[in-house]
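One structure below.
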Amino acid sequence: MIAEKDRKLALSNIAVAYTAFLIGTLCGLLQVFIRNDAIQLPAWLDYYQILTAHGVLLALIFTTFFIFGFFVTGMSKSLGSFGPKVRLVSWLGFYVTLIGTILATAMIVSGEASVLYTFYAPLKASGWYYVGLALFVVGTWLSSFALIGHYMVWRRQNKGQLSPLFAFMTVTTVIMWLIACLGVVATVLFQYIPWAFGWVDTINVELSRSLFWYFGHPLVYFWLLPAYMAWYVIVPKLVGTTVFSDSLARLSFVLFILFSIPVGFHHQLTEPGISNFWKFLQVVLTFMVIIPSLMTAFSMFATFETAGRKNGGKGLFGWFTKLPWKDVRFTSIFVAMAFFIPGGAGGIINASFQLNEVVHNTLWIVGHFHITVGTPVAMTFMGLTFWLIPYLTGRKFTKSMQKLGFVQIITWSVGMLLMSTAQHVLGLLGAPRRTAYSSYNSHASTLDWFDGVLSSHLTMAIGGSILFLSAMLLIYIVVMTMFLSPKAVKEKDFVEFPMADSVKTHTPMFLENWWIWIGIAFALIFVAYAIPLGDMIQHAPPGSKGFKTW
Amino acid sequence: MHLHKYEKIWLVFGIIALAIFLGVVGVSAFSHDHTPAGGMHTIDPEKVNETAPFDKPGVTQIDDDTYQVAIVAMAFGYTAPELKVPAGKEIIFHVTSTDVVHSFTIDNTKVNMMVVPGQITTKSYTFDKPGKYLILCNEYCGTGHHMMFNEIEVY
């Protein structure tokens, strides 16, 4: 078990994550029923307020706090207890992120910031909303610096050695995060805040959009990489084997530093201000990230097969039945991975230069989001939660909790399958996203969209309701394992941190030479962004005033 | 670095597939001109109504085979008097916004363009079939976002 002070730090992060999860999923439930015309909101509450809260609380707050809770635990486990300085900076990071979160959420709740989590200018929220977002990012930076500091102490004490895989992957992820945040920090500090507080009159809209998406796409990899960490490091232990290939795992993570950032234009394919050449270049760079994903897919199935054969699986697919399906920690993550296959394929469609026009800003994107972040990432986190909280609290993960865990992930999968399939189909038919209603005065086209069995309002509402029930079950499990389950006394009752062994004998040292990767990353970013961003600044139209259209 | 033999096969196959796919997308983009909406022209968002062609929004015939349609998007609608265009002719849409970001999306077509204040978005499209098409905004623009729509008639 890790040091008690580190446990407290990790648990605080996880507690905030699940508080955000509770409110965020409630907002999600309200949304499906409003669109369905089943309920009406009171006059003081607006659909877009709820939509903003849903996006911010689930996609940003839940994920980020959970990720840091997971990182703190794993870094303390793999590198040893935090020193006093690392712990202090970690707490500072936690509180600054929390203050930012509370400030931003307060602005959303008071109706001053119904700008959704993409906050596209020139929609103008209260300046305090942007301050909240800035504090949020600064807080995560402090937490990231603390983790890097802890890693550097280890490196100094273990000269010439490769770090443990978990630590390597944590450092990769936070380096990617730090580089990615530069874009959003630049636009929030130098564009949004001066403009929202009235120090300058206008804002360069296209520049703000491009800086946002410079950050916005790597943001999804910031969610995904911790899930990949669980797949690479935790899953092999759960199925009873070692990491398939240490060097391959490290290489794939390094490729994510290089190729997850210079790709933001693929979110802007259908807009003006960026020439086709630069859009296409970033489409090509976007596709490069498929390579580490293919490597990950190979590693996962290689791990499964190795473990299955070790347990006596015969024939071409016999190993498949020998996997530990009765272990909710494994099954939840396996199902999460399965969702990522259509999720990733959908991502390739979205980023494909011309195909993007078919799905851009339709409900397809919402469906895509729910089977990438909402399932592979969120459900992997759920699978981690089942052992992470008992591990940190020293409580038992009882039989009844394990059963509930199964009910929870099955309902989550079924709900997500219904809802996201409906959203994908509706999007292909043309239904837009981010709308309170989409009947357009009962226009013939819209009646066609919602006519199908899968694409009816009902399917989405049923899916959404099942998801909400599942979310409440999870909250129950979280509360039980955090505060109420019986304490483990006997050795066999203690829950372990399932970290697999990884053999480093074939791993080349240069993989851990960060300066190479950071250098190449910046070179790629320069190639992809310098000229088009320079052009946006030099040939800027007169700026836009702010508008409050809600 | 050690790579498993099957992994090499898998990666080579994957990377070749990727190259072919990008090749198809690239050739179709740059030699067949299949590019998404865009445009590099800027405009003063406060002077849209006095700047051509947005001073006279609507349909203009350029020559026998080409029509131009100028649209101004604003919260929460499109200023465009009756939109009627012929099928089988090239229609060039120019759209801009006087306030926030919107989209100009025609249902059942590939016209799906973002409308950014200060910029002019352009897309060329040829309708195959006559009929009445729904135009809608798919970028969140405020409380009336879901009521922002229009219609274009193709004859």
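Protein chains in written order, with this note's numbering: chain A, 870 to 1419; chain B, 9 to 163. In this text, a Cβ means the ideal position worked out from N, Cα and C, and glycines have one as well.
Looking only at its chain, what residues have a beta carbon closer than 6 angstroms to the beta carbon of residue i, apart from the 5 residues adjacent to it on each side?
i: G1052(A); result: L1080, Y1083, F1084
i: G969(A); result: G1001, L1004, F1005, G1008
i: N158(B); result: Y86, I143
i: P1259(A); result: F1266, T1350, V1364
i: P1131(A); result: L1154, L1393, I1394, A1397
i: V1294(A); result: L1323, S1324
i: P1367(A); result: I1103, K1106, L1107
i: V925(A); result: Y986
i: S1289(A); result: G1236, H1239, I1240
Helix or strand or just coil, what does DSSP make of residue i?
i: K1272(A); result: helix
i: Q127(B); result: strand
i: H153(B); result: helix
i: H1312(A); result: coil
i: G1216(A); result: helix
i: P138(B); result: coil
i: L899(A); result: helix
i: R1302(A); result: coil
i: M976(A); result: helix
i: G51(B); result: In the sequence as presented, Gly is not what sits at residue 51(B); that position holds Ile. Coil at I51(B), not helix or strand.
i: L91(B); result: coil
i: T113(B); result: strand
i: L992(A); result: strand
i: D71(B); result: strand
i: M1341(A); result: helix
i: I1394(A); result: helix
i: Y148(B); result: coil
i: Y986(A); result: coil
Could you name the residues of the same chain whose beta carbon sits closer than 8 angstroms to that of residue i, not counting the 5 residues immediately before and after it, in chain order?
i: E90(B); result: G66, E161
i: T50(B); result: G126, Q127, I128
i: A1357(A); result: P1259, G1263, R1264, K1265, F1363, V1364
i: W1046(A); result: T1009, S1013, P1087, F1091
i: E981(A); result: A994, S995, W997, Y998
i: P1355(A); result: R1264, K1265, T1267
Identify every residue that forms a DSSP beta bridge with residue i.
i: A78(B); result: G66(B), H102(B)
i: H10(B); result: None; H10(B) has no bridge partner.
i: E159(B); result: L142(B)
i: M1038(A); result: Bridge partners of M1038(A): none, in fact.
i: Y86(B); result: A81(B)
Using the beta-carbon count (16 or more within 10 Å), is residue i buried or exposed?
i: H10(B); result: exposed
i: V955(A); result: buried
i: R1025(A); result: exposed
i: Y180(B); result: There is simply no residue 180(B) to check, as chain B begins at 9 and stops at 163 in what is shown.
i: L1316(A); result: exposed
i: L1154(A); result: buried
i: W1188(A); result: buried
i: H153(B); result: buried
i: T1374(A); result: exposed
i: P911(A); result: exposed
i: Q1137(A); result: buried
i: H1239(A); result: buried
i: T68(B); result: exposed
i: W913(A); result: exposed
i: V35(B); result: exposed
i: Y1101(A); result: buried
i: L1257(A); result: buried
i: G150(B); result: buried
Within the same chain, show all residues whose beta-carbon is closer than 7 angstroms to that of residue i, passing over the 5 residues directly before and after it, in chain order.
i: S881(A); result: F963
i: A1390(A); result: I1048, I1126, L1127, I1130
i: K131(B); result: A45, F101, V119, M121
i: P138(B); result: A95, V162, Y163
i: L1011(A); result: V958, L961, G962, V965
i: G31(B); result: none
i: A88(B); result: P65, G66, I79, N158
i: S1413(A); result: A990, P991, T1071, I1072, V1074
Tell me whether the stretch 61-75 of chain B and the stretch 86-103 of chain B touch, counting them as touching only if at least three CB pairs, one residue from each stretch, are closer than 8 angstroms. As far as the Cβ criterion goes, the stretch 61-75 of chain B touches the stretch 86-103 of chain B, which means the pair count is three or higher.
Using 8 angstroms as the threshold, is the stretch 1258-1275 of chain A in touch with the stretch 1193-1209 of chain A, meaning 3 or more CB pairs across them? Yes, the stretch 1258-1275 of chain A touches the stretch 1193-1209 of chain A.
Cβ pair count under 8 angstroms reaching 3, the stretch 103-115 of chain B against the stretch 135-153 of chain B: Touching, per the Cβ criterion.
Any contact of the stretch 934-948 of chain A with the stretch 870-881 of chain A, i.e. 3+ C-beta pairs under 8 angstroms? The answer is yes - the stretch 870-881 of chain A touches the stretch 934-948 of chain A, with three or more Cβ pairs under 8 angstroms.
Sufficient close CB pairs (3 or more, under 8 angstroms) joining the stretch 1367-1383 of chain A to the stretch 1213-1226 of chain A: Too few Cβ pairs lie closer than 8 angstroms, so no.
Taking 8 angstroms as the cut-off, does the stretch 945-953 of chain A touch the stretch 1024-1044 of chain A (at least 3 CB pairs, one atom from each stretch)? Contact holds: three or more Cβ-Cβ distances are below 8 angstroms.
Is it a yes or a no for the stretch 1226-1238 of chain A touching the stretch 1297-1308 of chain A, going by three-plus beta-carbon pairs under 8 angstroms? Yes: the two stretches touch, three or more of their Cβ pairs being nearer than 8 angstroms.
Under 8 angstroms, with one C-beta from each stretch per pair, do the stretch 1240-1256 of chain A and the stretch 1300-1309 of chain A reach the 3-pair mark? Look at the beta carbons and you see the stretch 1240-1256 of chain A not touching the stretch 1300-1309 of chain A: under three pairs across the two are nearer than 8 angstroms.
Check whether the stretch 1108-1123 of chain A and the stretch 103-112 of chain B are in contact - that is, three or more C-beta pairs closer than 8 angstroms. No, they do not touch.
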